[in-house]
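Asks: Those protein sequences? They're chains E and U, same order as listed. Under our numbering, think of the first position of the first sequence as 867, with each following residue one higher. Under our numbering, think of the first position of the second sequence as 223, with each following residue one higher.
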Amino acid sequence: DQQVKQNSPSLSVQEGRISILNCDYTNSMFDYFLWYKKYPAEGPTFLISISSIKDKNEDGRFTVFLNKSAKHLSLHIVPSQPGDSAVYFCAASDRGVGNTGKLIFGQGTTLQVKP
Amino acid sequence: NAGVTQTPKFQVLKTGQSMTLQCAQDMNHNSMYWYRQDPGMGLRLIYYSASEGTTDKGEVPNGYNVSRLNKREFSLRLESAAPSQTSVYFCASSAPWEQETQYFGPGTRLLVL
Numbered sequence: 867d868q869q870v871k872q873n874s875p876s877l878s879v880q881e882g883r884i885s886i887l888n889c890d891y892t893n894s895m896f897d898y899f900l901w902y903k904k905y906p907a908e909g910p911t912f913l914i915s916i917s918s919i920k921d922k923n924e925d926g927r928f929t930v931f932l933n934k935s936a937k938h939l940s941l942h943i944v945p946s947q948p949g950d951s952a953v954y955f956c957a958a959s960d961r962g963v964g965n966t967g968k969l970i971f972g973q974g975t976t977l978q979v980k981p
Numbered sequence: 223n224a225g226v227t228q229t230p231k232f233q234v235l236k237t238g239q240s241m242t243l244q245c246a247q248d249m250n251h252n253s254m255y256w257y258r259q260d261p262g263m264g265l266r267l268i269y270y271s272a273s274e275g276t277t278d279k280g281e282v283p284n285g286y287n288v289s290r291l292n293k294r295e296f297s298l299r300l301e302s303a304a305p306s307q308t309s310v311y312f313c314a315s316s317a318p319w320e321q322e323t324q325y326f327g328p329g330t331r332l333l334v335l
């Protein structure tokens, strides 16, 4: 049973436009969410996170929105740049179980930003 | 400051062979993790170690063993490789005050024939 789902395997946007990547989760115990970015032949790198006590977190061009009632989060990239082309993974954690750092990842969404 | 390093980068095994994937970090992190990445599955946690001397199972531990050799090193062993273990393996580490912000190595691509 996939507890974290990214239903769009791929997304293509034009440079300068907004990219919106979506993620849904089923486990209501998740209380911390992250986005990781991965380039080919490299390991994932942390991008941005949000605690369940917030509904928005912003870092430069990247904003994550959390809708707890819908169990949905999204990553907005504005404006999108060709260097943003990568695979984006959503991840979730239940900090109530001793804060072990155990993450559940979604399947990933491949973003292509066209010049 | 190399971060997280993994060896080897690529390995081909025959079914039934054994091998150990090595991981080391130089960030003085307490926690270390092993993940596998398969197409359409995202990353799945195999084992993790919250501190030197402790290890715990993740989502998909069957067929694997781990050793936290010291604070820097965390190895993953396949005792009898199976084609289902063909995957890309990532090691990661994190600091105790921010466990979920994990730093990943470049990965080991494993092919089991």
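Every residue gets a Cβ at the ideal spot worked out from N, C-alpha and C, and that includes glycine. These figures come from a predicted structure and were not determined experimentally.
1) Using 8 Å as the Cβ pair cut-off and three pairs as the minimum, do the stretch 945-959 of chain E and the stretch 284-293 of chain U touch?
2) Could you give the first and the last residue of the continuous beta strand (DSSP E) run that contains L267 of chain U?
3) Whose C-beta lies closer than 8 Å to the C-beta of A272 of chain U among residues of the same chain, with five residues either side of it excluded?
4) Taking only three categories from DSSP, how would you classify S959 of chain E?
5) Taking 8 Å as the limit between beta carbons, can you name the residues of its chain near M276 of chain U, skipping five residues before and five after?
6) Could you give the distance in angstroms between the alpha-carbon of L969 of chain E and the alpha-carbon of L267 of chain U?
7) Report yes if the C-beta distance between Q228 of chain U and T323 of chain U is below 8 Å; otherwise report no.
8) Kindly indicate which three-state DSSP category Q233 of chain U falls into: helix, strand or coil?
9) With a cut-off of 8 Å, does the C-beta of P945 of chain E fall near any C-beta of chain U?
10) State yes or no: is the beta carbon of P328 of chain U nearer than 8 Å to at least one beta carbon in chain E?
11) Can you confirm whether E908 of chain E, when its beta carbon is compared against all beta carbons of chain U, has any partner nearer than 8 Å?
12) Could you give the first and the last residue of the continuous beta strand (DSSP E) run that contains H251 of chain U?
13) So T929 of chain E is in the beta strand (DSSP E); what residue range does that whole segment cover?
14) I need the straight-line Cα distance from F312 of chain U to K236 of chain U, nearest angstrom please.
15) Which word fits F232 of chain U, buried or exposed, when buried means at least 16 other C-beta atoms lie within 10 angstroms of its C-beta?
16) Could you pull the start and end residues of the beta strand (DSSP E) that Q978 of chain E belongs to?
17) By DSSP, does Q259 of chain U sit in helix, in strand, or in coil?
18) Check this for me: beta carbons of A314 of chain U and Y257 of chain U, under 8 Å apart or not?
19) Measuring only the C-alpha atoms, how far is E274 of chain U from Q321 of chain U?
Replies: From the atom records:
1) Of all C-beta pairs linking the stretch 945-959 of chain E to the stretch 284-293 of chain U, fewer than three are shorter than 8 Å, placing the two stretches out of contact.
2) G264 to S271
3) Closer than 8 Å at Cβ, skipping near neighbours: N252, S253 and D278.
4) strand
5) Before going on, a small fix: residue 276 of chain U reads as Thr here, not Met. Within the same chain, T276 of chain U has close Cβ partners R290.
6) 7 Å
7) With respect to the 8 Å criterion, Q228 of chain U and T323 of chain U are not classified as neighbours on the basis of their beta carbons.
8) strand
9) no
10) With a threshold of 8 Å between beta carbons, P328 of chain U makes contact with chain E.
11) yes
12) Run containing H251 of chain U: none; DSSP gives neither H nor E here.
13) F928 to N933
14) 21 Å
15) exposed
16) Taken as a continuous stretch (DSSP letters only), the beta strand (DSSP E) holding Q978 of chain E covers T975 to K980.
17) In the structure shown, Q259 of chain U sits in a strand (DSSP, three-state: E or B).
18) yes
19) So the two alpha carbons sit approximately 15 Å from each other.
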